[in-house]
Ligand SMILES: C[S@@+](CC[C@H](N)C(=O)[O-])C[C@H]1O[C@@H](n2cnc3c(N)ncnc32)[C@H](O)[C@@H]1O
């Protein structure tokens, strides 16, 4: 795996102060409509999910955060990896999605899985995350990756050196690029901020070292991992 060319063009682009609120509002509305059929639509990406979890190299007893956990499709894999002595914490701002995750946990009788209904931007106030986690899973969490505030709050929940895995959708490059309007439309149905698909990881990658990246799905997806740099543990308040 190799590091793709960095795209730093829009790292520091000024954003209107209410952008996060607007994006979140759209996201919650979209997932209220999508939640019931969400799991059925995830079949093609289940192998990528398994690979992303494997990249975390979880060990029994560790604490892992499932970022924007949705309906909880990653929870069985994460829980199997950290075992009954570990802890899995998932959060999501969509009550419609989280209701399914809660049902999944209740049905399985998992007491070591904690689900939190909140926005990434509000994580600092969550007692379940008072102890920093050993690993972070970002599986198809585009809106969170694209919000500097949300991303900073998530990274502040992890210890320095924490293992991070990220998977998601991106634009094709090269000769398949003419298909990118279709990629945009595909993403539009899910995310509150459907654009910025050229390098959606480019706010996360600089916060990690030992970064590994590979395109998936013929270039329409990506899978990457790295280790959280020490300075990334700064309190989320610092960037508000
Ligand atoms: C494409 S779904 C992925 C869900 C899950 N990670 C999976 O792989 O199945 C994106 C999820 O991120 C959640 N989300 C988006 N923005 C968020 C935010 N700012 N705070 C918390 N959750 C957010 C959405 O509600 C949705 O459940």
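In my numbering, the protein residues as written are -4 to 235. Glycine included, every Cβ here is placed at the ideal spot set by N, Cα and C.
Residue 158 is not a Cβ neighbour of residue 191, given a cutoff of 9 Å. With a threshold of 8 Å, the Cβ atom of residue 44 counts as near ligand 1, since some heavy atom of the ligand is closer than that. Excluding the 5 residues flanking it on each side, residue 98 has no same chain C-beta neighbour closer than 6 Å.
The residue among 110, 93, 40 with its C-alpha nearest the C-alpha of residue 74 is 110. Residue burial is scored here from C-beta neighbours: residue 80 has fewer than 16 other C-beta atoms within 10 angstroms and is therefore classed as exposed. The Cβ neighbour count for residue 83, taken over all protein chains shown within 10 Å, is at least 16; the residue is labelled buried. Taken through DSSP and simplified to helix, strand or coil, residue 177 comes out as helix. When C-alpha distances from residue 130 are compared across 16, 35, 49, 215, the shortest belongs to 49. The alpha carbon of residue 150 has as its nearest neighbour, out of 207, 222, 87, 163, the alpha carbon of 222. Per the Cβ contact rule, the stretch 156 to 172 is in contact with the stretch 36 to 52 (3 or more Cβ pairs under 8 Å). Per DSSP, reduced to three states, the secondary structure at residue 155 is strand.
Per DSSP, residue 90 is not a residue of any beta strand (DSSP E); the alpha helix (DSSP H) it occupies stretches across 90 to 103.
Leaving aside the five residues that flank residue 214 on each side, the residues in its chain whose CB is nearer than 7 Å to its CB run, in chain order, 167, 168, 171. Distances from the alpha-carbon of residue 53 to those of 78, 134, 63, 136 put 78 closest.
Under the 10 Å beta carbon count, residue 102 is surrounded by fewer than 16 other beta carbons and is classified as exposed. Distances from the CA of residue 194 to each of 216, 220, 120 were compared; the closest alpha carbon is that of 216. The alpha-carbon separation between residue 92 and residue 155 amounts to approximately 30 Å. Going by C-alpha positions, residue 202 is about 6 Å away from residue 224.
Between the alpha carbons of residue 209 and residue 177 lies a distance of about 21 Å. By the Cβ neighbour-count rule, residue 126 is exposed, with fewer than 16 other Cβ atoms within 10 Å of its own.
Relative to the non-hydrogen atoms of ligand 1, the Cβ of residue 171 never comes closer than 8 Å to any of them.
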